[in-house]
Amino acid sequence: MNPTLDRWFAEQVPDLPPTEVLTALLMASQLGHEVPDDVLDAWGREVVTSRRIVDQSEPEFITQARRRGWSWARIADRLGLPSAEAAEQRQAALEAELDRTHPQNLPGAWRA
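If you count the sequence shown from 1, you need to add 294 to reach the numbering used here.
Structure (structure tokens):
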């Protein structure tokens, strides 16, 4: 985890049960804990990183599902998409999103 977040959780939210970092940040914030700027910076980085991981993983999930013979309808259902057509269109949208969110295209978002 990020050292800034480790320190903040240890000092400000020591009783928070172990969980995924974004869930922990959301819970701490909703419980009314003050979120200082350095934690907000680290939180934003976690959001960008997690979004990128999901955007990279989803097309591979679709590729693997199609290889296994999954229908577009089944893929749509698994991903919470409204239709088979939406699942098919998702591939192109994700390619565009991966290009948009590449660290070279968003250097400020990836700064530590």
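Glycine included, C-beta positions come from ideal geometry on N, C-alpha and C.
Straight-line measurement puts the Cα of A387 at about 13 Å from the Cα of I356. DSSP, reduced to helix, strand and coil, places W364 outside both helices and strands of the structure shown, so it counts as coil.
Assigned with DSSP and collapsed to three states, L325 falls in coil, not helix or strand. A Cβ-Cβ contact shorter than 7 Å links D349 with L392. The segment 338-348 makes contact with the segment 314-325; the number of CB pairs closer than 8 Å reaches 3 or more. Judged by their CB atoms, A336 and N296 are nearer to each other than the 7 Å cut-off. S377 and T395 have their C-alpha atoms spaced approximately 26 Å apart. Separation of E352 and P401 (C-alpha to C-alpha, rounded to the nearest whole angstrom) is 23 Å. Our two residues, A304 and T298, have alpha carbons roughly 10 Å apart in a direct line.
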